[in-house]
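Protein chains in written order, with the numbering used here: chain A, 120 to 234; chain B, 1306 to 1420. For reference, the structure is listed below as structure tokens.
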């Protein structure tokens, strides 16, 4: 079974609009962490945001926020006020236990921002 | 500050040849990770080290792959002999464990093509 699922292979959004990228996860450990990374066409992986399983509030970093719904095992990334430079692949990743530092990545969502 | 440094950035080799990929982590980081990214399999962890010691090599595909970390500032991933199916982008990442939040910083990657 997939441990990290990103069901949207591609998304389009107009500049200045908000967009939500979906991510669901599966782990039986109560202590885990969720990450989002951005990969532009240049290829590098850029860390965006982190959510720990015990964090009471949804994580936010500038225009990025994480809609964490623990009971539903979802960790959706919300990008507000999209910019053309946000066009990239976005990967959700999970550290499925605090006993490991291994990250498991989803298949990614390609976001395209149009003017 | 310099980020994670990988060399070479591009490597083209012929089947059967030995390939060595190199990585210099961010100074002071105590974790180092090797990933492989392909269209078919996505981003997958091959091996990771903590304080120069291999912790989890369950992702190493087969005996043709080996990784070493002789000191805190250098790691290699070797493929011998290489095969066309090894063609991929190989990323090195490093992190400093502070808490459950263990952000990994990725290098620019090495694009390997095996003919």
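For glycine and all other residues, C-beta sits at the position ideal for the given N, C-alpha and C.
### Query
DSSP state of residue 1314/B, grouped into three classes?
Within the second chain, residue 1314/B is the residue found at index 9, counting from 1. DSSP, reduced to helix, strand and coil, places residue 1314/B outside both helices and strands of the structure shown, so it counts as coil.
#### Entry: Unbroken beta strand (DSSP E) run spanning residue 228/A, endpoints
For the purposes of this step, residue 228/A is taken as residue 109 along the first chain, with counting starting at 1. Residue 228/A -> beta strand (DSSP E) spans 228 to 233.
### Query
Roughly how many angstroms lie between the CA atoms of residue 149/A and residue 173/A, to the nearest whole one?
Indexing the first chain from 1 puts residue 149/A at position 30. Indexing the first chain from 1 puts residue 173/A at position 54. Distance between the alpha carbons of residue 149/A and residue 173/A: 8 Å.
### Message
Between 134/A, 220/A, 217/A, 155/A, which has its C-alpha nearest residue 125/A's C-alpha?
### Response
For this step, residue 125/A is matched to residue 6 along the first chain. Measuring C-alpha to C-alpha distances from residue 125/A to each of 134/A, 220/A, 217/A, 155/A identifies 155/A as the nearest.
### Task
Spell out the partners DSSP gives residue 1347/B in its beta bridges.
The residue you call residue 1347/B lines up with position 42 of the second chain. Within the DSSP secondary-structure output, residue 1347/B pairs in a beta bridge with 1343/B.
### Message
Could you tell me the alpha carbon to alpha carbon distance between residue 1373/B and residue 187/A, rounded to whole angstroms?
### Response
On the second chain, residue 1373/B is found 68 positions in, with the first residue counted as 1. On the first chain, residue 187/A is found 68 positions in, with the first residue counted as 1. Cα atoms of residue 1373/B and residue 187/A: separation of roughly 37 Å, rounded to the nearest angstrom.
### Message
When you compare the CB of residue 189/A with every CB in chain B, is at least one pair closer than 8 Å?
### Response
Indexing the first chain from 1 puts residue 189/A at position 70. For residue 189/A, not one C-beta of chain B is nearer than 8 Å to its own C-beta.
### Query
How would you label residue 220/A, buried or exposed, when you count the other beta carbons within 10 angstroms and need 16 or more for buried?
Counted from its first residue, the first chain places residue 220/A at position 101. The residue is buried, with at least 16 neighbouring Cβ atoms inside 10 Å.
### Task
Please list the partners that residue 1394/B has in chain A, where partner means a Cβ-to-Cβ separation under 8 Å.
Stepping through the second chain from its first residue, residue 1394/B is reached at position 89. Near residue 1394/B (Cβ distances below 8 Å), the residues of chain A are 162.
### Message
Suppose the cutoff is 7 Å on Cβ atoms and the five residues either side in sequence are ignored; what does the same chain contact list for residue 1396/B look like?
### Response
For the purposes of this step, residue 1396/B is taken as residue 91 along the second chain, with counting starting at 1. Contacts found: 1340, 1342, 1411, 1412, 1414.
### Query
Which word fits residue 212/A, buried or exposed, when buried means at least 16 other C-beta atoms lie within 10 angstroms of its C-beta?
Looking up residue 212/A in the first chain gives position 93. Residue 212/A is classed as buried because its beta carbon has at least 16 other beta carbons within 10 Å across all chains shown.
### Query
Quick one: what does DSSP say residue 1264/B is sitting in, helix, strand or coil?
Because chain B is modelled from 1306 through 1420, residue 1264/B falls outside the range shown and cannot be assessed.
### Message
With a threshold of 8 Å between beta carbons, is residue 1361/B in contact with chain A?
### Response
By one-based count along the second chain, residue 1361/B stands at place 56. It does: the Cβ of residue 1361/B has a partner Cβ on chain A nearer than 8 Å.
### Query
Does residue 221/A get closer than 8 Å to chain B when you measure Cβ to Cβ?
Your numbering for residue 221/A matches position 102 in the first chain. Answer yes: the Cβ-Cβ gap between residue 221/A and chain B drops below 8 Å somewhere.
### Task
Name, going along the chain, the residues of the stretch 1314 to 1333 of chain B whose beta-carbon falls closer than 7 Å to a beta-carbon of chain C.
Judged by its chain identifiers, the structure shown contains no chain C, and its protein chains are A and B.
### Inter-residue Cα distance where the pair is residue 163/A and residue 131/A
Here residue 163/A refers to the residue found at position 44 of the first chain. Here residue 131/A refers to the residue found at position 12 of the first chain. So the two alpha carbons sit approximately 21 Å from each other.
### Message
Please report the straight-line C-alpha distance between residue 135/A and residue 201/A, rounded to a whole angstrom.
### Response
Counting from one through the first chain, the residue named residue 135/A turns up at place 16. Counting from one through the first chain, the residue named residue 201/A turns up at place 82. In this structure, the CA atom of residue 135/A is about 5 Å from the CA atom of residue 201/A.
### Message
Counting only Cβ-Cβ distances shorter than 9 Å, please list the residues of the stretch 1399 to 1420 of chain B near chain A, keeping chain order.
### Response
Only those residues of the stretch 1399 to 1420 of chain B whose C-beta falls short of 9 Å from the nearest C-beta of chain A are listed: 1400, 1402, 1404, 1405, 1406, 1407, 1408, 1409, 1410, 1411, 1412, 1413, 1414, 1416.
### Query
Near residue 122/A, which residues of its chain fall below 6 Å by C-beta distance, leaving aside the five closest residues on each side in sequence?
Stepping through the first chain from its first residue, residue 122/A is reached at position 3. Once the five neighbours on either side are set aside, the close Cβ partners of residue 122/A are 145, 223.
#### Entry: DSSP three-state assignment for residue 1416/B, whether helix, strand or coil
Position 111 of the second chain, counting from 1, holds the residue named residue 1416/B. Three-state result, residue 1416/B: strand.
### Task
Please classify residue 101/A: does DSSP put it in a helix, a strand, or coil?
Residue numbering for chain A in the displayed model covers 120 to 234; residue 101/A lies beyond these limits and cannot be assessed.
### Validate contact between the stretch 1315 to 1334 of chain B and the stretch 1386 to 1394 of chain B using beta carbons, cut 8 Å, 3 pairs
Yes, since at least three Cβ pairs between the stretch 1315 to 1334 of chain B and the stretch 1386 to 1394 of chain B fall closer than 8 Å, the two stretches touch.
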